[in-house]
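Asker:
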Amino acid sequence: MKEALPEHDKQIGRISTWLDNLNVTGGAQPKMVKGRSSVQPRVIRKQAEWRYASLSEPFLNTPDMFAVAPVTWEDKNAAEQNALVLNNQFNTQVNKVTLIDEYVRTAVDEGTVILRVGWENEEESYIESQPVYEFVPAPDSLPMFMQLQKMKEDNPTGYKWDVPDPLQKAHEYFTQTGVPVHPNQVGTQRVPAVRTLKNRPTIEVCDYRNIVVDPTCKGNLSKAQFIIYRFPSSLSDLEKDGRYSNLDRINVSTNSPLGSPDYETEDESNFTFSDEPRKQIIVHEYWGYRDIDGSGVTKPFVAAWVGDTLIRMEENPFPDKEHPFVGSHYLPVRRKTHGEPDGHLLEDNQKIIGAVTRGMIDLMGRSANAQTAFRKNTLDTVNRRKFERGDDYEINGQVSPDQAIYTHRYPEIPASAQFMLQLQNFDAESMSGVKAFSGEGISGAGLGASATAARGALDAASEREMGILRRLSQGLIDAGRKIIAMNAEFLDEEEVVRITNDEFVNVRRDDLAGKFDLRLDISTAEDDNAKAGELSFMLQTLGPNEDPELRKMILTDIAKLRRMPGLAKRLEDYQPQPDPMQQQLQEMQLLKLQAEIQVLYGKAGESEASAILDRAKSITEQAKAVNISSDTDIKTLDFVEQESGVTQERLLEQQGEQARGNIELEREKQRISIDERGREQLSNYLKQKT
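My numbering applies: residue 1 is where the sequence shown begins, and numbers increase by one.
(1) Enumerate in chain order the residues of its own chain whose CB-to-CB distance from isoleucine 442 is below 7 Å, with the five nearest sequence positions on each side excluded.
(2) Round the Cβ separation of leucine 346 and isoleucine 44 to the nearest angstrom and send it over; I've been treating them as touching at under 8 Å.
(3) Under 6 Å Cβ to Cβ from lysine 169, same chain only, skipping five residues before and after it: list those, please.
(4) CA-CA distance, glycine 343 and arginine 249?
(5) Can you tell me which residues form a DSSP beta bridge with lysine 198?
(6) Please report the distance separating the alpha-carbon of aspartate 427 from that of glutamine 29.
(7) Note down the Cα distance separating glycine 439 from methionine 32, rounded to an integer number of angstroms.
(8) Once DSSP output is grouped into helix, strand and coil, what is the label at tyrosine 330?
(9) Provide the residue span of the beta strand (DSSP E) that contains phenylalanine 174, from first to last.
(10) Would you check if there are 3 or more beta carbon pairs closer than 8 Å linking the segment 308 to 319 to the segment 4 to 11?
(11) Assuming phenylalanine 325 and arginine 116 make a contact with CB atoms under 8 Å, what is their CB distance in whole Å?
(12) Between the Cα of glutamine 185 and those of Phe135, Thr196, Ile597, spot the shortest distance and give me the residue it belongs to.
(13) What is the rounded straight-line gap between the Cα of arginine 358 and the Cα of alanine 370?
(14) Can you give me the Cβ contacts of alanine 83 inside the same chain, cut-off strictly under 7 Å, excluding the 5 residues immediately before and after it?
(15) Does the segment 568 to 576 touch the segment 541 to 554, meaning 3 or more C-beta pairs lie closer than 8 Å?
(16) Between glycine 433 and the rest of its own chain, which residues show a CB-CB distance below 8 Å, the 5 nearest in sequence each way excluded?
(17) How do the segment 94 to 107 and the segment 169 to 180 stand: do at least 3 beta-carbon pairs fall below 8 Å, yes or no?
(18) DSSP three-state label for methionine 65, please.
(19) What residues in its chain sit with their C-beta under 8 Å from that of aspartate 109, if we drop five residues either side in the sequence?
(20) Out of Pro544, Ala303, Gly533, which one is the CA nearest neighbour of tyrosine 561?
(21) Would you mind sorting lysine 223 into buried or exposed? The rule is 16 or more other CB atoms within 10 Å of its CB.
(22) Starting from the Cα of proline 401, find the closest Cα among Glu412, Thr378, Gln418, Ile203 and give me that residue.
(23) Is DSSP giving isoleucine 477 helix, strand or coil here?
(24) Where in the segment 537 to 589 do unbroken runs of the alpha helix (DSSP H), each at least 4 residues long, occur, reported from the N-terminal end onward?
(25) In chain order, what residues of the same chain have a beta carbon less than 6 Å from the beta carbon of lysine 386, not counting five sequence neighbours either side?
(26) Which residues mark the beginning and the end of the beta strand (DSSP E) in which alanine 373 is found?
(27) When the distance is taken between beta carbons, is valine 71 closer than 7 Å to glutamine 130?
(28) Would you kindly report the start and end of the unbroken alpha helix (DSSP H) that includes glycine 365?
(29) Just how far apart, CA to CA, sit lysine 592 and glutamine 583?
(30) Entirely within the segment 225 to 297 and at least 4 residues each: give me those alpha helix (DSSP H) ranges in chain order.
(31) Give the straight-line distance between the Cα atoms of lysine 569 and phenylalanine 90, rounded to the nearest whole angstrom.
(32) Beta carbon of histidine 338, beta carbon of glutamine 11: below 7 Å?
(33) Could you tell me if lysine 603 is buried or exposed, where buried requires 16 or more neighbouring beta carbons within 10 angstroms of its beta carbon?
(34) Check the C-beta distance from isoleucine 361 over to valine 104 and give it rounded, since I have them as a contact under 8 Å.
(35) Quick one: measure Cβ to Cβ for leucine 363 and isoleucine 413, integer angstroms, because I've assumed they're closer than 8 Å.
(36) So, at 8 Å on beta carbons, what are the nonlocal neighbours of threonine 372 in its own chain, with the 5 sequence-adjacent residues on each side left out?
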């Protein structure tokens, strides 16, 4: 810390100079000279006021600051759960408006903003009386338990608070055993219990004077080997935290904010509590790396001390094993830890404008405006009294009234002074990119002589503002990643997050782990107007017969861009009610078309049947023609065979073959008869022999 303090003190001096110029304090305040003006226009503050709203509104104009996208499809559910938890924490557990306002104003005023992300957990032990139940089987209660199971899945918060405790116990018994029962209380018992009072992330903007950064990190805060943060606390707060020891060795009186010369505070009061538990002490918190086990590899750890008493020393407790600080630059400086504000660019312009303004004021203030001078002997005593009372009076006739009486007036301011003011204002606007209410700052002539020139000037200013927004949003994205890692480690097993009036999502801690592509939704008024204009043009190009749902989608997006969430919700939920007469007419037209289609189908069927009949007749006629041709051929062949004697020869051959067949048949009969007689004789012989 001692080695880094010289570089730290240099940066504190630069930031203090910028803040003095912003608030016209310290060295930026003109010296008081008697009879001279000491006014100093706050040009830097005027430019900053225009920056505050334009940079903070994009973060606050939407209820959900973060959009979490999964890296792989397996992380889709976890990404949705992380988005719900993260946005709910920023909307309900963190004062988002105060945080963003302080975040933006610190960046605009000092050029650098450093966030410290942490986790706050507070539990309370107590003794509670719990009833003891006896469960009696009740088969008729099965439908009720099924309804309770559905309610627990759809509306866990309503189940927890609306369902009586005995019924919840009976439902738990039913879930474990599957037997519907009726609870009967038989007594009570006192048991120790622990309830969580706070279990949420914390995020705060650090005071630039009380955070010492490793000067060798070359502008990359994530690569800093150490960061030291000084913050006020008390013995009571340290004891309540539970992570600190050696608290009885702290000398409270010597470690107060007034007794710590290296601690800076904006509180100018000397108020202190009289009791030691509430007296403020300065705690130094060191986040760094060291080889703590002799392996040659450094590991992250945290240490804290008060004066010369070490009260904490442990390994880094955060899941990402990194220090809990995130930085953003307004105007980054190459290889530097801290950035620069617009005040660094506008310092000379403010001094010149102040000098010229004081000269013009002195010119007018030192004049004898409205004083009247009289030439001697112009009025006697009586007429001088009449003049002072406002009555008519007489003057010496020997002297002309125009030459005798002279009324002093303010002198004319030289045009060169006004030209110098205008020149410096224009130069300041061109340096910062803010078109303010100076000269022709918001007129058409101030933006350009043509529409193209005006668009170019506005586009350049919007691009510069968008660049600043991207750097600021990156800081919040880095803080969101750290909170996601803490949620996966420090959240309770089940965290019920309310999304809408009737929709609940049950978030489990193991669904919160994973690497995600974290995005931050930011937008400017110019960007939203441009998008709304493009959507309006698309809406005009739609024809009257387009899908109404498409038109509703475009109108909903336009309402969201115009900051009308109520109208956007009504448009999104709107369902047009059809005209009964028109609906009936459409139904009749539909019936008419259906009847006409049926008629056409009937005519088509008749035509197809006629075609089939014609094809069958054609086939029949073709078969008849073939049959007639075959008969003709047979008759012609028969005539030829009879004329040539082929028929007679064929008949003779047939008769000859028939005769030869009969002869062979008779021969075969005789042979068979002979064989039968031989077998009979042989049989008789054998019988006789036997």
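The C-beta atom is built at its ideal place from N, Cα and C for all residues, glycine as well.
Answerer: Concretely, from the data shown:
(1) Below a pLDDT of 50, predicted positions are generally treated as unreliable, and isoleucine 442, at 42, falls in that range; the measurement from the model is reported next regardless. Only residues of its own chain outside the window of five on either side were considered, and among them Lys435 have a CB closer than 7 Å to the CB of isoleucine 442, listed in chain order.
(2) Yes, they are in contact, since the Cβ atoms of leucine 346 and isoleucine 44 sit about 5 Å apart, within 8 Å.
(3) Spatial neighbours of lysine 169 in its own chain (CB-CB distance under 6 Å, excluding positions within 5 residues in sequence) are listed in chain order as Tyr133, Pro183.
(4) Straight-line Cα distance between these residues: approximately 46 Å.
(5) Secondary-structure assignment with DSSP links lysine 198 through a beta bridge to Glu122.
(6) One C-alpha to the other measures close to 22 Å.
(7) In this prediction, glycine 439 has a pLDDT of 46, which is less than 50 and means its spatial position is unreliable; nothing more can be read from the coordinates.
(8) It is coil, neither helix nor strand.
(9) Boundaries around phenylalanine 174 are those of the alpha helix (DSSP H), 165 to 177, since no beta strand (DSSP E) includes it.
(10) Under the Cβ criterion (8 Å, minimum of three pairs), the segment 308 to 319 does not count as touching the segment 4 to 11.
(11) Sure, about 6 Å apart at Cβ, within 8 Å.
(12) Nearest option by C-alpha distance: Phe135.
(13) Going from the Cα of arginine 358 to the Cα of alanine 370 covers about 21 Å.
(14) Apart from the 5 residues on each side of it in sequence, alanine 83 sits with its Cβ closer than 7 Å to the Cβ of Phe66, Ala67, Val68 in its chain, given in chain order.
(15) These segments touch.
(16) If we look at glycine 433 and ignore the five residues flanking it on each side, its Cβ neighbours are Ala460, Ala461, Arg464, Glu465.
(17) Flag = no, the segment 94 to 107 and the segment 169 to 180 do not touch.
(18) Coil at methionine 65, not helix or strand.
(19) Excluding positions up to five away in sequence, the list reads Trp18, Leu19, Leu22, Ala48, Pro341, Gly343.
(20) The residue asked about is misnamed: residue 561 is leucine in this sequence, not tyrosine. Comparing alpha carbon positions, the residue from Pro544, Ala303, Gly533 closest to leucine 561 is Gly533.
(21) Only exposed fits lysine 223, as fewer than 16 other CB atoms lie within 10 angstroms of its CB.
(22) Per the Cα distances, Thr378.
(23) Taken through DSSP and simplified to helix, strand or coil, isoleucine 477 comes out as helix.
(24) Every alpha helix (DSSP H) of 4 residues or more that sits fully in the segment 537 to 589 is shown, in chain order, as 548 to 561, 565 to 573.
(25) A distance below 6 Å between beta-carbons, with the five flanking residues on each side excluded, links lysine 386 to the following residues of its chain, in chain order: Tyr393.
(26) The continuous beta strand (DSSP E) containing alanine 373 extends over residues 372 to 374.
(27) No. Outside cutoff.
(28) Looking at the DSSP string, the run of the alpha helix (DSSP H) that includes glycine 365 is 342 to 365.
(29) Distance between the alpha carbons of lysine 592 and glutamine 583: 14 Å.
(30) For the segment 225 to 297, whole alpha helix (DSSP H) runs of length 4 or above, ordered along the chain, are 235 to 241.
(31) Spanning the two alpha carbons is a distance of roughly 23 Å.
(32) Closer than 7 Å, so yes.
(33) Its Cβ having fewer than 16 others within 10 Å, lysine 603 is exposed.
(34) No, isoleucine 361 and valine 104 are not in contact; Cβ-Cβ is about 34 Å, not under 8 Å.
(35) With 8 Å as the limit, leucine 363 and isoleucine 413 qualify as a contact, their Cβ atoms being about 7 Å apart.
(36) The answer, listed in chain order, is Ile405, Tyr406, Thr407, His408.
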